[in-house]
Structure formats: C-alpha cells, structure tokens
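Visitor: The sequence shown: position 81 = 73 (our numbering), numbered continuously. C-beta atoms are modelled at their ideal positions from N, C-alpha and C, and glycine is treated no differently.
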Amino acid sequence: MLQAARHQAILEMVQKERIVKVSDLADALKVSAMTVRRDIESLSDSGLLERIHGGAKVLGETGTHEPGFELKSTQNTAEKQAIARAAAARVSEGMAVGLSAGTTTWALAQELVKGPAITVVTNSIRTAEIFYRSTSVHPRTDVILIGGQRTASDALVGPLSTQALKTINLDVTFLGVHGMDAQAGFSTPNVQEAETDRAFLASSRTLVVVADHSKWGVQGISSIAALDAADELITDPGLGQNGRTVLAEHVRRLTIAPL
C-alpha cells in the first residue's frame, strides 16, 4: 500500500475509533509496526492527529478548553436526544435524581419533564430552567438548584455546591462529562466542577454517565472518577469498537442508545 493510501486509512480509523493502537493499525494495513509509527509521526507533524504512547488519537482541545453552552448545545443533538430517552427510562416516580451540568443532561431534563413526579437536584442553571418552566405540567416535581460559582457552561461549582451536596441523598445521578479515556477516566476542563461532580457521586446510590461518542479519547485537566465508577454508561452508536471494548471492560453496564 502506498504511503498516501496508508495515511488516509490511518486518519479514517483514528476519526472513527478516536484512539487506535499501533498494533491494530499494522494488522489492518498489513504493514510493520515500524511503518505505522513512521506514518503516525508524519501525520502528527502535519497536525492531522495526535501521537500518543503506543498509538494515535484524534486531535482534541486542550485540557482546560471549555466551549460555551450555546455552542455545545448545537453539537451531536440527535445523539444526545437518543441518550436522553434511554436515560429517562431509568427514572421512576418519587426518585431523588441528581443532574450534573452539561448539554446531554440538559437534553435529559427535557425528557424528564414528560415523566413521573420526582425531586431533581442540579448545579445547572439551564437544567433548572427546564423544570421551572414545566411546573404547570408537573407541579409535584421539586427542583433544588445548588449554589456556587458560575462556569462557561452555566454550571454552579465550588465550595458552596460541594458542601450542599454533602447533606443530600440521591437515588441516582446522571453525570455529563467533557471527556472519557482509559487513563484519565471521566474528566472535565474545570477543576472546581470536578470537585462538585465527585460530590454528586458521593451522594448517590447509582451513577449513570451520559456521554456521546465524541467524548471518547478526550481528556480534561481534572479527572472526576475512574471508568469503573460508573454503574452504567449510556452513549450512542457512533462510539468506535476500541471505545466499546475498553468501556465494556470497566463500566458495569454499557448501553448504546439507538438513534
């Protein structure tokens, strides 16, 4: 196979899988591992992918980059809606439900307002607005918006939020994340938000992570928890085989929500 064809094939595999090992690329392309390493180095130097130990990954943002809510809410909307529908099926009458900040949990809130009466605890201004606007439909649904310092994604974080969560007991928390990775686990670009998310985990009987396929292979600066902390991960069919294999080995239940 000519070099140009190999480079194109490598880029396609990395885009699909998010993270690819040298050995897997060598097997797929029927070339030596040394050839693949040279190809990865060339593609990395050209700014087309990121070289990592033992393989390559899709180019991502820096660990502290946090896009605003408006931008994130327009990305992968069909996938987030599918994830939200699957997650809403886990909620029943009378539950105490934690919803972390994020556009996937925001999509979930739009599903939950159609369902049974529950108590919602959230640190997301946008999510709280969804429930406040629906009080005429579900007057028995209670919403607790914990306080804190506002982030670019309209999350309330910091000591006030973490302290409040210490006094609350939740049946389930649905956690949105910035990234998920075999080494970094579930992560966020905001250190204080990671602390608040860990407080959600400590207050909950069950943790369900809701994250679309684009989060695989992404690392925020601060890890929230290891992959095996999740009782369930709900994602979409766009998740590549590498991500499915790794996640299935760590989370207790991996759910692929149909589009």
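Which residues does DSSP pair with Val112 in a beta bridge?
Guide: The sequence position of residue 112 within the sequence shown is 120, counting from 1. Answer is Val89, Val135.
Visitor: Mark Ala186 as exposed unless 16 or more other C-beta atoms lie within 10 angstroms of its C-beta, in which case mark it buried.
Guide: Counting from 1 along the sequence shown, the entry for residue 186 is found at position 194. It is buried - the Cβ of Ala186 has at least 16 other Cβ atoms within 10 Å.
Visitor: If we call anything under 8 Å between Cβ atoms a contact, is Ala25 one with Val14?
Guide: Position 33 of the sequence shown, counted from the start, is the residue given in the question as residue 25. Position 22 of the sequence shown, counted from the start, is the residue given in the question as residue 14. Cβ atoms of Ala25 and Val14: closer than 8 Å.
Visitor: With 16 other CB atoms within 10 Å as the buried threshold, where does Val210 fall?
Guide: For the purposes of this step, residue 210 is taken as the residue at position 218 of the sequence shown. With 16 or more other Cβ atoms within 10 Å, it is buried.
Visitor: When the Cβ atoms of the segment 133 to 146 are set against those of the segment 197 to 213, are three or more pairs found closer than 8 Å?
Guide: no
Visitor: Where does Asp146 sit, in a helix, a strand or coil, going by DSSP?
Guide: In the sequence shown, residue 146 corresponds to position 154, counting from 1. Note: Asp146 maps to coil in three-state DSSP.
Visitor: Could you tell me how far apart the beta carbons of His205 and Thr227 are, in whole angstroms, since I believe they sit closer than 8 Å?
Guide: Position 213 of the sequence shown, counted from the first residue, corresponds to residue 205. Position 235 of the sequence shown, counted from the first residue, corresponds to residue 227. About 6 Å separates the two Cβ atoms, so the contact holds.
Visitor: Return the chain-ordered list of same chain residues with a C-beta closer than 6 Å to the C-beta of Ala99, the five sequence neighbours on each side being excluded.
Guide: Translated into the one-based positions of the sequence shown, residue 99 becomes position 107. Same-chain partners within the cutoff: Lys72, Gln73, Ala76.
Visitor: What separation, rounded to the nearest whole angstrom, lies between the Cα atoms of Gly212 and Asn182?
Guide: Within the sequence shown, residue 212 is the residue found at index 220, counting from 1. Within the sequence shown, residue 182 is the residue found at index 190, counting from 1. Cα-Cα distance, rounded: 8 Å.
Visitor: According to DSSP, is Ser36 helix, strand or coil?
Guide: Indexing the sequence shown from 1 puts residue 36 at position 44. Residue state, collapsed to three classes: helix.
Visitor: Kindly list the residues whose CB is nearer than 6 Å to the CB of Glu42, restricted to its own chain and excluding five residues on each side of it in sequence; keep chain order.
Guide: The residue labelled residue 42 in the question sits at position 50 within the sequence shown. Same-chain partners within the cutoff: Lys49, Leu51.
Visitor: Look at Ser126 and Gly94 and say whether their C-beta atoms are less than 8 Å apart.
Guide: For the purposes of this step, residue 126 is taken as the residue at position 134 of the sequence shown. For the purposes of this step, residue 94 is taken as the residue at position 102 of the sequence shown. Result no, Cβ atoms of Ser126 and Gly94 do not sit closer than 8 Å.
Visitor: Considering only residues of the segment 175 to 249, which uninterrupted alpha helix (DSSP H) runs meet the minimum length of 4 residues and lie entirely inside it, listed in chain order?
Guide: 183 to 194, 233 to 242
Visitor: Report yes if the C-beta distance between Leu251 and Pro229 is below 8 Å; otherwise report no.
Guide: Taking the sequence shown and counting its residues from 1, one reaches residue 251 at position 259. Taking the sequence shown and counting its residues from 1, one reaches residue 229 at position 237. The answer is yes: Cβ separation under 8 Å.
Visitor: When you compare only the Cα positions, how much space is there between Gln7 and Asp19?
Guide: Translated into the one-based positions of the sequence shown, residue 7 becomes position 15. Translated into the one-based positions of the sequence shown, residue 19 becomes position 27. Cα-Cα distance, rounded: 18 Å.
Visitor: Between the Cα of Gln175 and those of Ala88, Met(-7), Asp37, Ser214, spot the shortest distance and give me the residue it belongs to.
Guide: Stepping through the sequence shown from its first residue, residue 175 is reached at position 183. Of the listed residues, the one whose Cα sits closest to Gln175 is Ser214.
Visitor: Short check: CB of Gly168 to CB of Ala203, under 8 Å?
Guide: For the purposes of this step, residue 168 is identified with residue 176 of the sequence shown, where counting begins at 1. For the purposes of this step, residue 203 is identified with residue 211 of the sequence shown, where counting begins at 1. Yes, the Cβ-Cβ distance between Gly168 and Ala203 is below 8 Å.
Visitor: Does DSSP put Val12 in a helix, in a strand, or in coil?
Guide: Counting from 1 along the sequence shown, the entry for residue 12 is found at position 20. The answer is strand: DSSP assigns Val12 an E or B state.
Visitor: Grab me the residues of Gln67's own chain with a C-beta within less than 8 Å of its C-beta, minus the 5 sequence neighbours each way, in chain order.
Guide: If you number the sequence shown from 1, residue 67 lands on position 75. Excluding residues within five positions, the ones whose Cβ falls inside 8 Å are Thr95, Ser206.
Visitor: Is Val23 helix, strand or coil by DSSP?
Guide: For the purposes of this step, residue 23 is taken as the residue at position 31 of the sequence shown. Reduced to three states, the DSSP call for Val23 is coil.
Visitor: For Ala88 and Val113, which I take to be in contact (beta-carbon distance under 8 Å), what is that distance rounded to the nearest angstrom?
Guide: Position 96 of the sequence shown, counted from the start, is the residue given in the question as residue 88. Position 121 of the sequence shown, counted from the start, is the residue given in the question as residue 113. The Cβ separation is near 7 Å, so the contact holds.
Visitor: If you reduce the DSSP assignment to three classes, tell me which class Gln67 lands in.
Guide: Here residue 67 corresponds to residue number 75 of the sequence shown, with the count starting at 1. DSSP places Gln67 in coil when its eight states are reduced to three.
Visitor: With distances taken from CA atoms, which of Val164, Thr180, Trp208 is nearest Val83?
Guide: Translated into the one-based positions of the sequence shown, residue 83 becomes position 91. Comparing Cα positions, the closest option is Val164.
Visitor: For Ala78, which of helix, strand or coil comes out of DSSP?
Guide: In the sequence shown, residue 78 corresponds to position 86, counting from 1. In this structure, Ala78 counts as helix in the three-state DSSP scheme.
Visitor: Starting from Ile160 and walking both ways along the beta strand (DSSP E), at which residues does that stretch end?
Guide: Taking the first residue of the sequence shown as 1, we reach residue 160 at position 168. Taken as a continuous stretch (DSSP letters only), Ile160 belongs to no beta strand (DSSP E), as it is neither H nor E.
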